[in-house]
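**Q** Residue numbers (our numbering), protein chains in the order written: chain Z, 1 to 194; chain H, 195 to 388; chain D, 389 to 582; chain R, 583 to 776.
In structure tokens form, the structure reads like this:
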């Protein structure tokens, strides 16, 4: 079974709000991962300056270099994000724009899974499909299904602690993580032998 | 003719790089506008912090308030932007995310036209279609055609001054601005009488 | 009030299945329309051949000519459709592809509203955003909000008659139709005076 | 080298017009494939009825069953298509909609590459990104880059024979096919060992 191979995944959070539903999901991931799979949070998207080609000419900002290195060293990435204005949060996209300037491309052939939550009825789905388009450019390997799209998020978390308590949601995420681990392992085998 | 009514438009630039092709286009707009139409640049997307709901709870940042006010007072908005990673530049999206938090919504029923340029062959088109989706949420009135999608941008500007010198490109932009002015005037008439 | 002006709308159905939820919505529209607004169904997308440029060279098929004429004569169009494979149903898109070959373009400056229903949790939303992109090409005037995205459709219809019985859904549709009528009337005023 | 393993690919054509640029590309594929890779054309999208759930209830149409079988037996699929109205041609989408009803899903984990050509400046790119979204639902493995997006197609074909004569375009396609063969081989290795 693929999950027997230890796999090191990292999570990238698209929200900065402390009580963010998506932050709650990101915190829940390690406990929901299959055996042998670790999931470490990447740095904050709030540490990146707004992308500016002139700034880049002076050298890549430290958070971009550090995050690219962590992604490059990981077996796969889980993006956990809200949707803002029917698309990717600007702050998350800004981090990705900086990461795309690092050489070598940290996302090249990297397995990526997407998760989103929103208080509304579409659960951040629109951000996910725009992210998928960006990851074509970045040549990542996007995981397909099951999709983790959490609508009506407010009902699924403990109001006081912000922890993800809804059992069906936890099961859906665990199911995606197990399938993603299998996908990551298959990608590794495919790459290793080539 | 609609252009006889004075119209006040504003332009929103999606790039911070000084020698940006899109900045060159934004500078060219006033000279290409039909008679009676003024086009003023909005503030810089570089002045916005990365969106954070906790920061918002302390009050909207001054650049968001100022830009929302300028948009609210204008008859229409022209977004001029590159495409980053097959989508909207994070910095531009971040500014839009902040603007979307201002009450009343500055984009409500606001006519919006899109322009993009890139050195590549698709001319930023992918950013435009993602922007259109965000503007559904914001309930803006999106102008359709002619679309201004400037591919192979490097050949169209004066290398020393960064000015847009390519005549067919200038004509395309002038044509869009004239049609957009007609659209803006029609939107105003429709709204005025209701 | 705009709805006092009689408005003639038409509905375009994206499904052929007799017991289709979307067909149920289309049937409910006339009763949910504001006073002075009529909504007539267009012909069936099932009557169109698969688009073929060589066939077109022999003359446009009769269903395309007839539907284009009905759209051209209407004040606005309501597309009611399921989502197939995260996008527009092929049959609906095929009808639109034929309609786009008619001269003059029946959708030019035509107000268009979108409605979708699906048994799943995203309610056909993905088809709507793809449709919006096609309608940029066709230069239609797309209505924004409220969006009618009906998730978990199976619970909202009478199992025996297939009629839309869910009251909140009926109210959402009535609300969209009223706002769309206002939008259509504003578009007419804007066009009339130009 | 992956191309040493014999690979059997199939091509799915999105246009029915006899002199179609995309048909010209599909015909050119076998000669441009790396050694050990065969590319056979699938059947015609023109043979499918417009999708209708009631028709499906009577049994899947023969062209859907046959095409699904051919796809299931292939190592990978190359979709070669024009763009109609800024999206997937309705006829191609209709074929995909039927294919999606076959059990087992013929596209499950199937490597898919996209190619498009158009006389315009965007080369069918918009159809490709919509196709990618549909293939998330179908759980295919989408190849990323190099993308084959052929703009200004009219200049690249022999006017009399309709053959693809433009050398840089032929080289781009050959380059994609070589990279796709590597991708397909890696997917096979990953799957085989799991």
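In this text, a Cβ means the ideal position worked out from N, Cα and C, and glycines have one as well.
DSSP state of residue 690 of chain R, grouped into three classes?
**A** Position 108 of the fourth chain holds residue 690 of chain R. In the structure shown, residue 690 of chain R sits in coil (DSSP, three-state: anything other than H, G, I, E or B).
**Q** Thinking just about the alpha-carbon of each residue, which of R:596, R:602, R:589 is nearest to the one in residue 742 of chain R?
**A** Within the fourth chain, the letter at position 160 stands for residue 742 of chain R. Among R:596, R:602, R:589, the Cα nearest to that of residue 742 of chain R belongs to R:602.
**Q** Which first and last residues belong to the alpha helix (DSSP H) in which residue 182 of chain Z is found?
**A** Residue mapping note: residue 182 of chain Z aligns to position 182 of the first chain, counting from 1. 167-192 is the span of the alpha helix (DSSP H), which, as asked, contains residue 182 of chain Z.
**Q** Just checking: is the beta-carbon of residue 323 of chain H within a distance shorter than 8 angstroms of some beta-carbon in chain D?
**A** Against the second chain, residue 323 of chain H aligns to sequence position 129. Taking Cβ atoms only, chain D reaches closer than 8 angstroms to residue 323 of chain H, which makes this a yes.
**Q** Can you round the beta-carbon distance between residue 508 of chain D and residue 380 of chain H to whole angstroms, since I take them to be within the 8 angstroms contact cut?
**A** Counted from its first residue, the third chain places residue 508 of chain D at position 120. Counted from its first residue, the second chain places residue 380 of chain H at position 186. With 8 angstroms as the limit, residue 508 of chain D and residue 380 of chain H do not qualify as a contact, their Cβ atoms being about 38 angstroms apart.
**Q** Check distances from the C-beta atoms of the region 108-138 of chain Z to those of chain D and list, in chain order, the residues that come in under 8 angstroms.
**A** 121, 122, 123, 125, 126, 129
**Q** Are the CB atoms of residue 144 of chain Z and residue 718 of chain R within a distance shorter than 8 angstroms?
**A** Counting from 1 along the fourth chain, the entry for residue 718 of chain R is found at position 136. Counting from 1 along the first chain, the entry for residue 144 of chain Z is found at position 144. With respect to the 8 angstroms criterion, residue 718 of chain R and residue 144 of chain Z are classified as neighbours on the basis of their beta carbons.
**Q** Please decide whether residue 609 of chain R counts as near chain Z, where near means a Cβ-Cβ distance under 8 angstroms.
**A** Against the fourth chain, residue 609 of chain R aligns to sequence position 27. No - not a single Cβ of chain Z is within 8 angstroms of the one on residue 609 of chain R.
**Q** Within 10 angstroms of the Cβ of residue 168 of chain Z, are there 16 or more other Cβ atoms? Answer buried if so, exposed if not.
**A** Counted from its first residue, the first chain places residue 168 of chain Z at position 168. So residue 168 of chain Z counts as exposed.
**Q** Taking Cβ-Cβ distances below 8 angstroms as the criterion, which residues of the region 50-71 of chain Z are in contact with chain D?
**A** none
**Q** Does DSSP classify residue 666 of chain R as helix, strand or coil?
**A** Numbered from 1 along the fourth chain, position 84 holds the residue referred to as residue 666 of chain R. Residue 666 of chain R: strand per DSSP, three-state reduction.
**Q** Leaving out five residues before and five after residue 97 of chain Z in sequence, what residues of the same chain have Cβ atoms less than 6 angstroms from its Cβ?
**A** Taking the first residue of the first chain as 1, we reach residue 97 of chain Z at position 97. Contacts found: 51.
**Q** Tell whether a beta-carbon distance below 8 angstroms holds between residue 220 of chain H and residue 274 of chain H.
**A** One-based indexing of the second chain puts residue 220 of chain H at position 26. One-based indexing of the second chain puts residue 274 of chain H at position 80. Closer than 8 angstroms, so yes.
**Q** Mind checking residue 151 of chain Z: buried by the 16 CB within 10 Å criterion, or exposed?
**A** Counting from one through the first chain, the residue named residue 151 of chain Z turns up at place 151. Looking at its Cβ environment, which holds 16 or more other Cβ atoms inside 10 Å, residue 151 of chain Z is buried.
**Q** From which residue to which residue does the beta strand (DSSP E) around residue 593 of chain R run?
**A** Within the fourth chain, the letter at position 11 stands for residue 593 of chain R. Going by DSSP, residue 593 of chain R is part of the beta strand (DSSP E) stretching over 589-595.
**Q** Below 7 angstroms on C-beta distance, what does residue 151 of chain Z contact in chain D?
**A** Residue 151 of chain Z sits at position 151 when you count from the first residue of the first chain. Correct list: 509.
**Q** If you draw a straight line from the C-alpha of residue 606 of chain R to the C-alpha of residue 667 of chain R, how long is it?
**A** The residue labelled residue 606 of chain R in the question sits at position 24 within the fourth chain. The residue labelled residue 667 of chain R in the question sits at position 85 within the fourth chain. Spanning the two alpha carbons is a distance of roughly 21 angstroms.
**Q** If residue 676 of chain R and residue 493 of chain D are in contact, beta carbons under 8 angstroms, what's the gap, nearest whole angstrom?
**A** As a position in the fourth chain, residue 676 of chain R is number 94, starting the count at 1. As a position in the third chain, residue 493 of chain D is number 105, starting the count at 1. Not really, about 23 angstroms apart at Cβ, beyond 8 angstroms.
**Q** Contact defined as beta carbons within less than 8 angstroms: I believe residue 199 of chain H pairs with residue 230 of chain H. What is the distance between those atoms, to the nearest angstrom?
**A** As a working note, residue 199 of chain H is residue 5 in the second chain. As a working note, residue 230 of chain H is residue 36 in the second chain. About 7 angstroms separates the two Cβ atoms, so the contact holds.
**Q** Give the straight-line distance between the Cα atoms of residue 263 of chain H and residue 209 of chain H, rounded to the nearest whole angstrom.
**A** Numbered from its first residue, the second chain carries residue 263 of chain H at position 69. Numbered from its first residue, the second chain carries residue 209 of chain H at position 15. Cα atoms of residue 263 of chain H and residue 209 of chain H: separation of roughly 21 angstroms, rounded to the nearest angstrom.
**Q** Between Z:125, Z:99, Z:166, Z:128, which lies nearest to residue 66 of chain Z when the distance is taken from Cα to Cα?
**A** Here residue 66 of chain Z is taken as the residue at index 66 of the first chain, counted from 1. Of Z:125, Z:99, Z:166, Z:128, the residue nearest in Cα terms is Z:99.
**Q** Interface residues of chain H around residue 93 of chain Z at Cβ under 7 angstroms?
**A** Locating residue 93 of chain Z in the first chain gives position 93, where the first residue counts as 1. Per Cβ cutoff of 7 angstroms: 281, 282, 284, 287.
**Q** Here's a check: name, in chain order, each residue in its chain whose Cβ is nearer than 7 angstroms to the Cβ of residue 56 of chain Z, leaving out the five neighbours to either side.
**A** If you number the first chain from 1, residue 56 of chain Z lands on position 56. Taking residue 56 of chain Z as the centre and dropping the five residues before and after it, the same chain places the C-beta of 101 closer than 7 angstroms to its C-beta, in chain order.
**Q** Taking CB distances under 8 angstroms as the criterion, tell me whether residue 412 of chain D reaches chain H.
**A** As a working note, residue 412 of chain D is residue 24 in the third chain. Cβ-Cβ to chain H under 8 angstroms: no for residue 412 of chain D.
**Q** In this structure, does DSSP put residue 74 of chain Z in helix, strand or coil?
**A** Reading the first chain from its first residue, position 74 is the one you call residue 74 of chain Z. Residue state, collapsed to three classes: coil.
**Q** Consider the Cβ of residue 294 of chain H: report whether some Cβ of chain Z lies at a distance smaller than 8 angstroms.
**A** Residue numbering aside, residue 294 of chain H sits at position 100 when the second chain is read from its first letter. So, interface residue.
**Q** Can you name the start and end residues of the alpha helix (DSSP H) that residue 484 of chain D belongs to?
**A** As a first step, residue 484 of chain D must be located in the third chain, where it is residue number 96. Residue 484 of chain D -> alpha helix (DSSP H) spans 478-487.
**Q** Evaluate residue 613 of chain R with the Cβ neighbour count: other Cβ atoms within 10 Å of its Cβ, from every protein chain shown; 16 or more gives buried, anything less gives exposed.
**A** To locate residue 613 of chain R, count along the fourth chain from 1; it is residue 31. Under this definition residue 613 of chain R is an exposed residue.
**Q** Since residue 384 of chain H meets chain D, which of its residues come closer than 9 angstroms, beta carbon to beta carbon?
**A** Along the second chain, one-based indexing puts residue 384 of chain H at 190. Correct list: 571, 573, 574, 575, 576, 577, 578, 579, 581.
**Q** Which of helix, strand or coil does DSSP assign to residue 45 of chain Z?
**A** In the first chain, the residue the question calls residue 45 of chain Z occupies position 45. Here DSSP, grouped into helix, strand and coil, assigns residue 45 of chain Z to helix.
**Q** Are there 16 or more other CB atoms within 10 angstroms of the CB of residue 127 of chain Z, so buried, or fewer, so exposed?
**A** Taking the first chain and counting its residues from 1, the one referred to as residue 127 of chain Z is at position 127. Buried, since its Cβ has 16 or more Cβ neighbours within 10 Å.
**Q** Just to confirm the assignment, what range does the alpha helix (DSSP H) spanning residue 244 of chain H have?
**A** For the purposes of this step, residue 244 of chain H is taken as residue 50 along the second chain, with counting starting at 1. Here residue 244 of chain H belongs to no alpha helix (DSSP H), and DSSP marks it neither H nor E.
**Q** Whole angstroms are fine: how far does the CA of residue 658 of chain R sit from the CA of residue 643 of chain R?
**A** For the purposes of this step, residue 643 of chain R is identified with residue 61 of the fourth chain, where counting begins at 1. For the purposes of this step, residue 658 of chain R is identified with residue 76 of the fourth chain, where counting begins at 1. Computed Cα separation, rounded: 23 angstroms.
**Q** Assuming residue 696 of chain R and residue 713 of chain R are in contact, meaning their beta carbons sit under 8 angstroms apart, how far apart are those beta carbons, in whole angstroms?
**A** Mapped onto the fourth chain, residue 696 of chain R falls at position 114. Mapped onto the fourth chain, residue 713 of chain R falls at position 131. Between the beta-carbon of residue 696 of chain R and that of residue 713 of chain R there is about 6 angstroms, and that keeps the pair under the 8 angstroms contact cut.
**Q** How many angstroms separate the CA atom of residue 375 of chain H from the CA atom of residue 64 of chain Z?
**A** Numbered from its first residue, the second chain carries residue 375 of chain H at position 181. Numbered from its first residue, the first chain carries residue 64 of chain Z at position 64. Spanning the two alpha carbons is a distance of roughly 42 angstroms.
**Q** I need the straight-line Cα distance from residue 698 of chain R to residue 746 of chain R, nearest angstrom please.
**A** Taking the fourth chain and counting its residues from 1, the one referred to as residue 698 of chain R is at position 116. Taking the fourth chain and counting its residues from 1, the one referred to as residue 746 of chain R is at position 164. Answer to the nearest angstrom: the Cα atoms are 13 angstroms apart.
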